[in-house]
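Every letter in the sequence shown is one number past the one before it in my numbering, and letter 160, counting from 1, is 160.
Ideal Cβ positions, reconstructed from N, Cα and C, are used throughout, including at glycine.
These numbers were taken from a predicted model, which means no experiment stands behind them.
Below is one structure, written out as structure tokens, with a few remarks after it.
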Amino acid sequence: LVLNPEQMVIKETMRAYTYLSLYNRNVEMLVVNKLYPEEVLNTDLFKLKKEEQKERLEEIHRAFDPMEIKYCHMRNVELRGLEMLDAMAEEIYGDEDPTKVYSSQSPMTFRNENGEDHLVMKMPFVEAADVELFRVDSTSLMVHVGSQKRNIHLPDSLISAEILGADFIDDELIIKFKRV
Numbered sequence: 001l002v003l004n005p006e007q008m009v010i011k012e013t014m015r016a017y018t019y020l021s022l023y024n025r026n027v028e029m030l031v032v033n034k035l036y037p038e039e040v041l042n043t044d045l046f047k048l049k050k051e052e053q054k055e056r057l058e059e060i061h062r063a064f065d066p067m068e069i070k071y072c073h074m075r076n077v078e079l080r081g082l083e084m085l086d087a088m089a090e091e092i093y094g095d096e097d098p099t100k101v102y103s104s105q106s107p108m109t110f111r112n113e114n115g116e117d118h119l120v121m122k123m124p125f126v127e128a129a130d131v132e133l134f135r136v137d138s139t140s141l142m143v144h145v146g147s148q149k150r151n152i153h154l155p156d157s158l159i160s161a162e163i164l165g166a167d168f169i170d171d172e173l174i175i176k177f178k179r180v
């Protein structure tokens, strides 16, 4: 995900991350774009912006830790052409391989713990009260978060299984099943 260090954009990125997780899409890293360079922030004109940018970067780190975060500074001209894209890639990745996988963890997994089947869904930035969960039919489950809903087709082993309940633990929705 790419974001600017602005409060509204951070909130929108948090929402996007939640919805991508709901749809089982892994987010490997963030790129914080349009950072003001230090030499600009150290001028009288940008004293307030310097503190604001520092606060927003701290907010991003608190919200998205431990996700990989890369940075890219604002340019004085519009980014156009391969040469400028190469310069931007160099700033973001340096000597690192840009195809490197930072996280391959699936946001949705099925597992068995103590004889119970669990569907574990990563749900960052979500409160339990924001989630609605119900059985559509014997083969699927509906998870509703904010303005988004996801119909999840259950594996054959959980078709007709009873839902025992759901818990929120460390940004994860854990739905518990009992096979009948």
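Reduced DSSP category for Phe-64 - H, G, I as helix; E, B as strand; rest coil: helix
Residue range of the unbroken alpha helix (DSSP H) whose run includes Asp-86: 82-93
Beta-bridge partners of Glu-140, as assigned by DSSP: The residue you asked about is not Glu; residue 140 is Ser in the sequence shown. BP columns for Ser-140 point to Asp-137 and His-153.
Where the beta strand (DSSP E) through Ala-166 begins and ends: 162-169
Three-pair Cβ contact test at 8 Å for the segment 168-175 versus the segment 120-130: yes
Backbone CA spacing between Ser-138 and Leu-119 [nearest angstrom]: 15 Å
Coil, strand or helix - Lys-49 by DSSP: helix
Extent of the continuous beta strand (DSSP E) to which Lys-34 belongs: 29-35
Close beta carbons around Met-108, own chain, < 6 Å, minus the five adjacent residues each side: Asn-24 and Met-121
Cβ pair Val-143, Arg-150 closer than 7 Å: yes
Beta-carbon contacts of Asn-4 that lie in its chain and below 6 Å, excluding the five residues immediately before and after: Asn-33 and Lys-34
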